[in-house]
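Participant: Following the working numbering, the numbering of the sequence shown begins with 699 at its first residue and continues without gaps.
Glycine included, each C-beta is placed from N, C-alpha and C at the ideal position.
Got a structure for you, questions after.
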Amino acid sequence: MRKIFRKVVLLILLLPTVAGAKALDVDITGYVKYLSSAADVPGISGRLYDQLLHARINTAWYPTDSLRGEMDVRMRAFYGDSVEKIPGFSKMIETDYPFANLDAVARNGNRSLGYGQIDRLWMGYTRGNLEATLGRQRIAWGTALVWNVIDLFNPKSVLDFDYEEKPGADALRVQYYTGAVSKVEVAARPAKSRKEAIIAGLYSVNAFEYDFFAVAGVRKNRWVVGGAWAGSILDGGFRGEVLVSQAPDRDEEPIDTVPAESGRSMFASGHPVVSAVLSADYTFSNTLYLHSECLYGSAGKTRNAGVFQEEALSAGMLSPARWSIYQEVAYDITPLTRATLFGIFNPSDHSRIIVPMLTHSLATNLDLLVIGQLASGRLYSEYGDYGKSVTLRLKYSF
């Protein structure tokens, strides 16, 4: 796999030299980032100091008016205490795909790790109102800004601030536009096991100045059905999503490390699982921005939610908690500087994570970000073992 990865990267680097040929119409964009961080992680002695060099190359190819291809490579070089002290660190940074990971480990030392992966590789065909794409692609469904319960393929995490693109899915996607703001869509992600495959459809339409969405399908051998909307009230954004899914089999999601006081599995009742999110945001004329969002999960835990993180993730849930509350406030200090503060709060176990951010444009295509992630909570709570960190990031885009 390492040889395949190197050949593909070499091909991307050589594309600009041949892009002048009439047979090729190629766009190449990307960025280079440098991150320096310090973190205190529960269970690991001493503060972790780390450096990361993160580069991305996005390549789009237009062989004809109807065809488009894309191949994007993400490369990261880590150095510091996390590589040395966190068990299984190299596995933690990987994104697994069912058939071909298309990745390579360039170096794996005591304190350093080099890792690269092709996370986009697809071809698309457009003819009239029909659009079809095949390959590793991002299928982003949902209307809310933090939690997307109807995003069946790769739900995003607002805490993963350094991966704006988010992981893709190896899938076939077909979209047919029935109007200017309406469409029918079907997407399928095969897998080696039927329990890991996903096939679903989406229908969207605009009515009463709102966008409405309906979804239905099968995810991990369980039926799912739901919907979403997006619009405005008094010039403020108003969005929501609801998803109902069949519960996993009682013995399908075993928990080997649940403390006795934590109770049964999240899905022991066998009842369908209901997930819902409500989102509202508003921007004032002075650039002050407010955003509130609430996530509900009928199978979520009201105590010891942190123990059930893996079980919730394997079932496609966005949180193991019954309720999650998000609040954000942002303000442009100057046209080039923006301050943001957001937090996620679990009202049942009172754990929380607070994230202050400051972004500043240093020059054209060069940005500075300073971000902290400050979590607190008791043992076994949702955010009790997240720890605290601060990161400085420089990003150059091209």
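1) Within the same chain, show all residues whose beta-carbon is closer than 6 Å to that of Tyr901, passing over the 5 residues directly before and after it, in chain order.
2) Is DSSP giving Ala889 helix, strand or coil here?
3) Within 10 angstroms of its Cβ, does Gly1082 collect 16 or more other Cβ (buried), or is it exposed?
4) Could you confirm whether any beta carbon from chain C is found closer than 8 Å to the beta carbon of Ala945?
5) For a test of the three-state rule: what should DSSP assign to Asp779, helix, strand or coil?
6) Is it right to say Trp921 is buried, meaning 16 or more other beta carbons lie within 10 angstroms of its own, or is it exposed?
7) Taking the alpha-carbon of Asp1047 as reference, which of Asp748, Leu1067, Ala1013, Glu1080 has the nearest alpha-carbon?
8) Using a Cβ-Cβ cutoff of less than 7 Å, which residues in the same chain neighbour Thr715 once the five nearest sequence positions on both sides are dropped?
9) May I have the straight-line CA-CA distance separating Ala978 from Arg809, to the nearest angstrom?
10) Cα separation between Ala945 and Val879?
11) From Leu800 to Arg754, what distance separates their C-alpha atoms?
12) To the nearest angstrom, how far is it from the Cα of Ser817 to the Cα of Gly833?
13) What first and last residue would you give for the beta strand (DSSP E) that runs through Lys731?
14) Should the region 1010-1019 be called in touch with the region 987-1001, which here means at least 3 C-beta pairs below 8 Å?
15) In terms of alpha-carbon separation, which member of Asp748, Ala889, Gly741, Lys1086 lies closest to Ala798?
16) What residues in its chain sit with their C-beta under 7 Å from that of Ser1095, if we drop five residues either side in the sequence?
17) Whole angstroms is fine: what's the gap from Gly826's alpha carbon to Asp849's?
18) Whose C-alpha, out of Pro865, Lys789, Val844, Pro796, is nearest the C-alpha of Asp770?
19) Across which residues does DSSP place Lys1118 in a beta bridge pair?
20) To which residues of the same chain is Leu733 closer than 6 Å at the C-beta, ignoring the five residues directly before and after it?
21) Could you check where the beta strand (DSSP E) with Leu1090 kicks off and where it finishes?
22) Work out the CA separation of Val942 and Phe982 for me, nearest whole Å.
Facilitator: Walking through what the data contain:
1) One-based indexing of the sequence shown puts residue 901 at position 203. Within the same chain, Tyr901 has close Cβ partners Val882, Ala912.
2) On the sequence shown, position 191 is the one that residue 889 refers to. Residue state, collapsed to three classes: coil.
3) Counting from one through the sequence shown, the residue named residue 1082 turns up at place 384. Classification for Gly1082: buried.
4) Among the protein chains of the structure shown there is no chain C, as only one such chain exists.
5) As a first step, residue 779 must be located in the sequence shown, where it is residue number 81. Asp779: helix per DSSP, three-state reduction.
6) By 1-based counting over the sequence shown, the position of residue 921 is 223. Exposed: under 16 other Cβ atoms inside 10 Å.
7) Along the sequence shown, one-based indexing puts residue 1047 at 349. Nearest option by C-alpha distance: Glu1080.
8) Start at 1 with the first residue of the sequence shown, and residue 715 comes out as number 17. Residue confidence for Thr715 is low, a pLDDT of 46 falling below 50, so the modelled location carries little weight; the figure read from the coordinates is stated next. Nothing listed; no residue qualifies.
9) Numbered from its first residue, the sequence shown carries residue 978 at position 280. Numbered from its first residue, the sequence shown carries residue 809 at position 111. Roughly 44 Å separates the two Cα atoms.
10) Residue 945 sits at position 247 when you count from the first residue of the sequence shown. Residue 879 sits at position 181 when you count from the first residue of the sequence shown. Spanning the two alpha carbons is a distance of roughly 34 Å.
11) Here residue 800 corresponds to residue number 102 of the sequence shown, with the count starting at 1. Here residue 754 corresponds to residue number 56 of the sequence shown, with the count starting at 1. Leu800 and Arg754: Cα-Cα distance of roughly 15 Å.
12) Within the sequence shown, numbered from 1, the residue matching residue 817 stands at position 119. Within the sequence shown, numbered from 1, the residue matching residue 833 stands at position 135. The sequence shown places Asp at residue 817, not Ser. Roughly 10 Å between the two C-alpha positions.
13) Position 33 of the sequence shown holds residue 731. In this chain, the beta strand (DSSP E) harbouring Lys731 covers 724-738.
14) yes
15) Mapped onto the sequence shown, residue 798 falls at position 100. Of the listed residues, the one whose Cα sits closest to Ala798 is Ala889.
16) One-based indexing of the sequence shown puts residue 1095 at position 397. Taking Ser1095 as the centre and dropping the five residues before and after it, the same chain places the C-beta of Tyr729, Asn1063 closer than 7 Å to its C-beta, in chain order.
17) Residue 826 sits at position 128 when you count from the first residue of the sequence shown. Residue 849 sits at position 151 when you count from the first residue of the sequence shown. Going by the C-alpha atoms only, they are around 27 Å apart.
18) Sequence index remark: in the sequence shown, residue 770 carries index 72 (1-based). Minimum Cα distance to Asp770 is reached at Pro865.
19) The question about residue 1118 has no answer here: the residues shown for the chain are numbered 699 through 1096.
20) As a working mapping, residue 733 is identified with position 35 in the sequence shown. The residues are Leu750, Thr1089, Arg1091.
21) Numbered from 1 along the sequence shown, position 392 holds the residue referred to as residue 1090. Unbroken beta strand (DSSP E) run through Leu1090: 1086-1095.
22) Sequence index remark: in the sequence shown, residue 982 carries index 284 (1-based). Sequence index remark: in the sequence shown, residue 942 carries index 244 (1-based). A straight-line Cα-Cα distance of about 35 Å links Phe982 and Val942.
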